[in-house]
Amino acid sequence: MKAIEIDHNEGRARSGRLLTGHGEVDTPVFMPVGTQGVVKAMSHRQLTELGVKMILANAYHLYLRPGDEMIKRMGGLHKFAGWDGGLLTDSGGYQIFSLGVLREIKEDGVLFQSHIDGSRHFLTPEKMVRVQENIGADVAMCLDECAPYPSTFEYTRDSVELTTRWAKRCLEAKTDGPQKLFGIIQGGFYPELRIRSAHDILALDFDGFAIGGLSVGEPKSLMWDMVDTVIDLMPADKPRYMMGIGLPEDLLEGVKRGIDMFDCIIPTRFARNGSLFTWDGRINIKNARFTEDKGPIDEGCSCPTCRTYSRAYLRHLVVSHELTSFYLNTVHNVHFYMELMRKVRDAVKNGTFGSFYHDFKSRYEGGESDDRCSVCNG
RNA sequence: GGAGAGGUUCCCGAGCGGCCAAAGGGGGCAGACUGUAAAUCUGUUGGCGAAGCCUUCGGUGGUUCGAUCCCACCCCUCUCCA
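Residue numbers for the first sequence follow this note's numbering, so the first one is 1 and each next one is one higher.
Dropping the structure here:
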């Protein structure tokens with residue numbers, strides 16, 4: 001069964017529908033990250049009301065706690081968590097990167113030391129496919145190695161080859177079922193290796209393909225060079241997923257290049273850390289200049305937070321370490337991302353993505369976001 | 001009235017002759033965050049400046065080459081006893 005239907009194209013940009021076991025998801029889509037089976041500070045109901053159709057969870061984290069077998073006995077993560085929407089799980093490949101000191105990469109898999117209790121676990125491609133099947137994700141990801149930046153050519157080459165061998169094993173380990181499995185193109189920041197990885201991974205019969213190993217500390221221009229290097233090699237009739245990206249401007253850049261799916265911790269973590277998105281740029285609600293700002297985070301925003309609360313009050317909640325600030329700020333940032341993607345999809349459908357892209361960027365990057373302050377305080 | 005303890009940079013609190021513009025918290029200010037070990041992390045927090053200089057550890061005197069640190073007196077807190 002196909003994983004995506006593409007309805008419109010504008011240049012490389014495209015819009016359509018991702019077909020999951022839990023409904024169709026309009027693309028390009030942004031998936032908020034819910035590592036532990038929950039988008040931090042959110043309820044599923046709130047997510048749904050904000051228009052979130054698909055979230056990402058993490059197989060490595062859920063395997064450690066509460067355990068994938070336990071989740072399976074509870075009827076799968078959808079039932080266990082009460083989430084009815086799309087669910088994609090990352091395999092733990094990113095944790096190979098982010099939990100570097102606690103692991104050892106071998107041919108067969110990765111030896112991990114739990115960050116929770118120090119216990120040792122050997123994670124293989126086959127095992128992580130099984131874990132994701134137990135979790136019941138609509139889309140599972142292959143176990144891959146996300147190499148750090150910078151890495152030598154030799155290291156990256158070996159890493160790419162390992163990722164390819166693992167990808168084959170993942171495919172073989174997959175059982176029949178509705179779950180879709182995506183392969184991941186790696187290759188660090190060597191175009192030659194990106195092309196080789198694309199060639200090898202795209203030759204395998206995955207339901208969709210991801211570009212991984214990006215935004216690991218490299219200059220932004222290098223990241224887009226890598227996307228440009230492989231994007232035209234990717235089949236048009238399968239989903240293209242840019243893993244772990246990104247900032248609002250990154251989403252536009254990705255869509256422009258033909259990406260269908262994104263995920264990132266940015267809207268949620270930034271919200272918890274006081275960074276809030278507006279159409280005129282990002283603000284840090286902790287800044288002193290918002291102390292008596294009676295306006296909403298963003299004048300044009302229709303989210304529940306902006307409809308009710310002032311910047312001054314939201315700042316007070318953050319400064320006072322009130323838990324509700326996590327919720328209110330996350331609602332706003334997730335809403336911003338959902339609105340952004342909705343506008344992006346509409347623009348692609350209408351053939352106006354090009355102008356939307358420029359209008360957004362000039363306002364978002366050029367606008368002085370606290371113009372409003374003088375009005376509020378004046 | 002008697003006996004103790006103490007007054008340190010925005011706050012709490014170390015320091016007890018030079019390495020002290022003064023540890024460590026807190027608070028303040030700013031920044032970071034890209035398949036979440038993140039309710040996290042980093043920088044900064046007397047003044048002017050490049051080195052450096054100036055003002056600062058309750059007050060006033062003193063000892064000393066040199067005092068936040070030692071001595072004398074004074075002011076103010078707190079505890080206990082009358």
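Beta carbons are placed, not taken as given, at the ideal position from N, Cα and C, and that holds for glycine.
Would you grab the beta carbon distance between residue 204 and residue 168 for me? Rounded to a whole angstrom, and I think it's under 8 Å. 6 Å
What number of angstroms, rounded off, separates the C-alpha of residue 48 from the C-alpha of residue 307? 18 Å
Spatial neighbours of residue 109 within its chain, please: CB distance less than 6 Å, with the 5 preceding and 5 following residues excluded, ordered by chain position. So the list reads 122, 123, 124, once near-sequence residues are dropped.
Please name the residue in 98, 106, 126, 107 whose C-alpha comes closest to that of residue 114. 98
Residue 264, DSSP secondary structure in three states: Note: residue 264 maps to strand in three-state DSSP.
How long is the line joining the alpha carbons of residue 422 and residue 51, rounded to whole angstroms? The question about residue 422 has no answer, for the chain in this structure spans 1 to 378.
Once you ignore the five residues that flank residue 102 on each side, which residues in its own chain have a CB closer than 7 Å to its CB? 112, 113, 115
7 Å Cβ cutoff met for residue 136 and residue 78: For residue 136 and residue 78, yes; Cβs fall inside 7 Å.
Go through its chain and collect everything with a Cβ distance to residue 130's Cβ below 8 Å, but skip five positions before and after it. 68, 173
Pick helix, strand or coil for residue 14, following the three-state DSSP scheme. strand
Take residue 153 as the anchor and find which of 243, 196, 260 has the nearest alpha-carbon. 196
Starting from the Cα of residue 38, find the closest Cα among 303, 89, 224 and give me that residue. 89
Restricting to Cα atoms, I'd like to know which of 250, 35, 281 is closest to residue 87. 35
Threshold first: 3 residues or longer. Then list the beta strand (DSSP E) segments lying entirely within the segment 334 to 361, N to C. none
Run through the DSSP bridge pairs and tell me what residue 5 is partnered with. 17
Using the Cα positions of residue 64 and residue 128, report the straight-line distance between them to the nearest angstrom. Rounded to the nearest angstrom, the two C-alpha atoms are 12 Å apart.
For residue 302, which residues in the same chain have their Cβ closer than 6 Å to its Cβ, ignoring the five residues on either side in sequence? none
Leaving aside the five residues before and after residue 53 along the sequence, list all residues of the same chain whose C-beta is less than 6 Å from its C-beta, in chain order. 25, 85, 86
What residue from 126, 95, 15 has the CA that sits closest to residue 216's CA? 95
What number of angstroms, rounded off, separates the C-alpha of residue 309 from the C-alpha of residue 241? 35 Å
Apart from the five residues on each side of it in sequence, which residues of its chain come closer than 7 Å, Cβ to Cβ, to residue 291? 312, 315
Assigned exposure category for residue 252 - 16 Cβ within 10 Å defines buried: buried
By how many angstroms is the C-alpha of residue 74 removed from the C-alpha of residue 132? 14 Å
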